[in-house]
Amino acid sequence: MSENTKTSHIITIMQELLNGGVSSSIDAIASNRNQYYGTIKKQGIELVEVWKPNLTNKGTHKERSLHQTIENIKRSEAYLNKLLGKSSHAVGLKS
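Residue numbers (the numbering used here): 1079 to 1173.
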């Protein structure tokens, strides 16, 4: 996988999380999103992780959301801006 593809998957995940969404390893955008959550956490970004049952079998998966503290949201926005090549104040939350 190219670095650009990896970065675009992380950008998509970060945008979803900053907009209040939930992300999981079974989302269709990437074949295995689990590989990206570690990269996000290494940036000091805190994720809330909850085990959920699968709809199609007896297994489980983790759903992740952004820990909603001011500092964590600022850190997340700064990381997304870095990935997008923008200034640190360019990205805001969706209204």
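Heads up, the beta-carbon is just placed ideally off N, CA and C, and yes, glycines get one too.
Query                                                                                                       : Result
Under 8 Å between C-beta atoms of Arg-1142 and Ser-1102                                                     : yes
Assigned exposure category for Leu-1133 - 16 Cβ within 10 Å defines buried                                  : exposed
Under the three-state DSSP convention, the category Glu-1094 falls into                                     : helix
Status (buried if at least 16 other CB within 10 Å, exposed otherwise) for Ile-1148                         : exposed
Buried versus exposed call for Ser-1165 [16 or more other C-beta atoms within 10 Å across all chains shown] : exposed
Spatially closest choice to Glu-1127 from His-1145, Arg-1111, Gln-1121 and Lys-1120, by CA coordinates      : His-1145
CB contact flag (Ile-1118, Ile-1088, <8 Å)                                                                  : yes
Inter-residue CB distance, Tyr-1114 and Ile-1151 (contact presumed, cutoff 8 Å)                             : Not really, about 19 Å apart at Cβ, beyond 8 Å.
Backbone secondary structure at Glu-1127 - three-state DSSP                                                 : strand
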